[in-house]
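Number of protein chains: 2
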Amino acid sequence: MVSATQSAVSSAKVMQPSSLSADSVLNFARGDPTMYRAYWEKLGDRCTVVISGKDLMSYFSDAGNLCWFLMPELDRAIRRLHRAVGNAEVGEDRFIVVGTGSTQLFQAALYALTHTDKPDDEILPTSVVAAAPFYSSYPEETDFQRSKLYKWAGDAYSYEGEGAYIEVVTSPNNPDGAIREAVVNREGGKLIHDLAYYWPQYTPITRKADHDIMLFTFSKATGHAGTRIGWAIVKDKEIAMKMVKFMELSSIGVSKESQFRAAKILEVISEDCLNPEPNKVVNFFEYGQVVMSERWEKLREAVKASGAFSLPKYTQNFCIFTGKDTDSNPAFAWLKSKEGLNCDDLLREHKIVTRGGKNFGVCPSLTRISMLSPDEEFNLFVERLAAIKGSNSNGSTNY
Amino acid sequence: MVSATQSAVSSAKVMQPSSLSADSVLNFARGDPTMYRAYWEKLGDRCTVVISGKDLMSYFSDAGNLCWFLMPELDRAIRRLHRAVGNAEVGEDRFIVVGTGSTQLFQAALYALTHTDKPDDEILPTSVVAAAPFYSSYPEETDFQRSKLYKWAGDAYSYEGEGAYIEVVTSPNNPDGAIREAVVNREGGKLIHDLAYYWPQYTPITRKADHDIMLFTFSKATGHAGTRIGWAIVKDKEIAMKMVKFMELSSIGVSKESQFRAAKILEVISEDCLNPEPNKVVNFFEYGQVVMSERWEKLREAVKASGAFSLPKYTQNFCIFTGKDTDSNPAFAWLKSKEGLNCDDLLREHKIVTRGGKNFGVCPSLTRISMLSPDEEFNLFVERLAAIKGSNSNGSTNY
């Protein structure tokens, strides 16, 4: 399997966003959410943080808290935002664990769910599964340390192993935007819910998610990927403690500068959601929804003009955040070659780099395309896509 | 074994630095370097960073660099500082890999040195050793993931295993401040040099260190532990690439806010070292040296007054940074009970929490005491220490 991260990184090296031309290679393999930059620019100084040399020096943020490296202002900001959006249960009995992105927290959750004091030769590794198509980095993130505690066991739909397993439920799903539930549902199973994209700009918020371990990430929520802040909302105290232990051993906590800034930005978003004023800009999620919706419209037009591809169809749902029926506008487009061609290869011929279906555990006629690139790149992409003609171009654009 | 991190964390919870009294429990188990705060306060706005909502959004810092998430300004600042201090070789052919503290980089180095494409059942785990007394977190950091690639194998002095091994060389050593070299020296051995304390405030800089993998950390260099920035200087390109790969899989890079701030602070230090001006405050290392030297003097006086303890003796050496013969003033005191009592227990009876010898692979008559606590705590500590009387109090204070 091609390493998804590696292919994204190496392809990033060939792209020069500042000098786009008809010949430029466009990288849509990675989900770098830089398109939200325009919004944060509009907000001017409202989200600015100032940190002097003497600030944020100690390892400790809140020694009395179970998660001793979590800054109290970030804890508050996370809970307030979830309450404002209505997308996750964050009652006083839930524990927040902060991580260096949700990537680190995914590994902390695997550790917490499989930790044992047994000697090595008595350990049976727990199987880790996810329904295909699954996020392309799960297999490698699970296996790269060669842990005796857990191992990647592939597609949850075809999982037939005995004993302990962990199912990762990604909803909305990366790559295809589908709303997901657990599929194995056997005794002894444990669940990690990756809710990175369960925000109003991507999908209607239909209910307050309330699962054992829920992962969120600042990068997909607001676009600040470089900040590397993720958080887990955890029901069970023992599991939360083990996740904190993982974070201690893995990196002795999480950057305070990043926590401080994330807290500030999340507070501004919550404030604008809860206390809108006529002369303020729209809140971040409304903005995101408009931008994503425009992009999806352009993409669907290009797919129609081409005739060579199809896209998933999403049904409208009532969104409790916006208070109206709302479309899904996923962060990725899951594009299919109608003729069953290798879709990633086909697009690379047109200098569009995507992440092919095989990375996600499915066939190569599908490929994943980031919908979060800068405007200029996105517009060039849809232009090129529309110009790709299939040998049979009169089919439906949905499947 | 008591978890060193856990004991530091749980003991931190009982300390209330703002309300110290004769009854207060003093936590000297952890190495939280908050005592440098006074210096950074003196510098006023010179190290202040301002980050607006639109800044530092992308995952990528320098897509053309091997370490694609390393900010170019931090790369430059690290190299400039090492050149100013003379403590490590950072020629153009050396690779810098940034991490979430040197803790994460230690694990990245283990991964890079043992990575293989072999199937699980063909892997022989590489032994990881360090000469006792060794840093108390190495065993747990090595083993917590239960990797098939490597395993903790204890004291390097007594290591008799066959085949591949990794020796961690910590110099100056944590906990005892000793200058160290590799002790196993067998074919097939690989080395990780942990040089966290190889800075002029702790030890004379006697030569430019030049090893395969050298780890440094911002927290011990400048006192900014909460920033979670460490860096590795790596000779071999393949090893550097694997360490970068580890960082990608572990946390998709490192906080940009932290990198940005670390770059700023390291630049200010370098500038003050290279271009001193009469009306400027002394450079950070000179300040650190004075403070550490005063503390060691106070500690030695207290140990003498008590009579129940002894401390290691360090020889003066010519420091190429200061240009004169200089004492060692380690970040930790490695205190011994002259009567062979459990030193950690003895101090806990006097409400001084330390980290006992067993955590470092040696006997409990020794214990480690942080020399980096706030002034008020340090002063109360030496006062209490001086008052502890042994049954025989006329011996030497050095061993």
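As you go down the protein sequences, you meet chains A and B in turn.
So the first sequence is numbered by UniProt numbering: it starts at 1 and just counts up by one.
So the second sequence is numbered by UniProt numbering: it starts at 1 and just counts up by one.
Every residue, glycine too, gets a C-beta built ideally from N, C-alpha and C.
Predicted model, so just to flag it, every value in this text is computed and none were measured.
Open item on the list: Under DSSP, the beta strand (DSSP E) around Glu187/A begins and ends at which residues?
Closed with: No beta strand (DSSP E) holds Glu187/A; DSSP gives it neither H nor E.
TODO: Would you be able to state if there are at least three C-beta pairs under 8 Å between the stretch 360-371 of chain A and the stretch 26-45 of chain A?
DONE: yes
- [ ] Could you give the DSSP three-state label for Asp155/A: helix, strand or coil?
- [x] strand
Task: Cβ-based burial, Gly44/A [other Cβ within 10 Å; buried from 16] - done: exposed
Open item on the list: Could you check whether Thr126/A and Tyr157/A sit closer than 8 Å to each other, using their CB atoms as the reference points?
Closed with: no
Task: is_contact[Thr354/A, chain B] using C-beta, thresh 8 Å - done: no
Task: Residue range of the unbroken alpha helix (DSSP H) whose run includes Ile179/B - done: Counting along the chain, Ile179/B falls outside any alpha helix (DSSP H), and DSSP gives it neither H nor E.
Task: Cβ pair Phe309/A, Lys338/A closer than 8 Å - done: yes
- [ ] Go through its chain and collect everything with a Cβ distance to Lys235/A's Cβ below 7 Å, but skip five positions before and after it.
- [x] Arg94, Asp212
- [ ] Leaving aside the five residues before and after Phe246/B along the sequence, list all residues of the same chain whose C-beta is less than 6 Å from its C-beta, in chain order.
- [x] Ala108, Tyr111
TODO: Buried or exposed for Glu248/B, please, with buried defined as at least 16 other CB atoms from any protein chain shown within 10 angstroms of its CB.
DONE: buried
Open item on the list: Given this structure, state the Cα-to-Cα distance separating Gly230/A from Asp75/A, to the nearest angstrom.
Closed with: 12 Å
Open item on the list: The alpha helix (DSSP H) that contains Thr142/A, what's its start and end?
Closed with: 138-143
Task: Nearest candidate by alpha-carbon position, reference Asp155/B, set Val184/B, Pro175/B, Glu92/B - done: Val184/B
Open item on the list: Does the structure place the stretch 140-155 of chain B close enough to the stretch 276-288 of chain B that three or more beta carbon pairs sit under 8 Å?
Closed with: no
Task: Phe218/A and Thr227/A closer than 8 Å at C-beta - done: yes
Task: Which listed residue (Met35/B, Phe60/B, Arg46/B) has its alpha carbon closest to that of Glu257/B - done: Phe60/B
Task: Straight-line gap, Val98/A to Glu167/A (C-alpha atoms, nearest Å) - done: 21 Å
- [ ] Give me whichever residues DSSP pairs with residue 404/B in a beta bridge.
- [x] Lying before the first or after the last residue shown, residue 404/B is absent from chain B, which here runs from 1 to 399.
Open item on the list: Rounding to the nearest angstrom, what Cα-Cα distance links Ile388/B and Thr206/B in this structure?
Closed with: 37 Å
TODO: Count the other CB atoms, across all protein chains shown, that sit within 10 Å of the CB of residue 415/B; report buried if there are 16 or more and exposed otherwise.
DONE: With chain B covering only 1 through 399, there is no way to say anything about residue 415/B.
Task: Any chain B beta carbon closer than 8 Å to Ile239/A - done: no
- [ ] Using beta-carbon positions only, say whether Pro172/B and Tyr197/B come within less than 8 Å of one another.
- [x] yes
Open item on the list: Give me the residue from Glu271/B, Ser52/B, Gln145/B with the minimum Cα distance to His115/A.
Closed with: Gln145/B
Open item on the list: So if DSSP puts Ile96/B in a beta bridge, which residue, or which two residues, is it bridged to?
Closed with: Ile233/B
Task: Contact set between the stretch 39-52 of chain B and chain A, restricted to residues whose Cβ is under 9 Å from the partner - done: Tyr39, Trp40, Glu41, Lys42, Leu43, Gly44, Asp45, Arg46, Cys47, Thr48, Val49, Val50, Ile51, Ser52
Task: Same chain only: Cβ atoms within 7 Å of Tyr39/A, ignoring 5 sequence neighbours per side - done: Phe284, Tyr287
- [ ] Consult DSSP for Asp75/A and reduce its assignment to one of helix, strand or coil.
- [x] helix
Task: Own chain residues within Cβ distance below 6 Å of Val268/B, not counting five before or after - done: Arg46, Cys47
Open item on the list: If the criterion is Cβ atoms closer than 8 Å, does the pair Thr100/B and Gly223/B meet it?
Closed with: no
TODO: Consult DSSP for Lys324/A and reduce its assignment to one of helix, strand or coil.
DONE: strand
Task: Among Arg355/B, Asp23/B, Asp55/B, nearest to Ile265/A - alpha-carbon criterion - done: Asp55/B
Task: Bounding residues of the beta strand (DSSP E) (the contiguous stretch that carries Asn317/A) - done: 317-319
Task: Within-8 Å CB hit, Leu195/B to chain A - done: no
- [ ] Rank Arg80/A, Ala386/A, Glu181/A, Ala209/A by C-alpha distance to the C-alpha of Lys298/A and give the top, closest one.
- [x] Ala386/A
Task: Runs of alpha helix (DSSP H) lying entirely within the stretch 317-385 of chain B, each at least 4 residues, in chain order - done: 343-349
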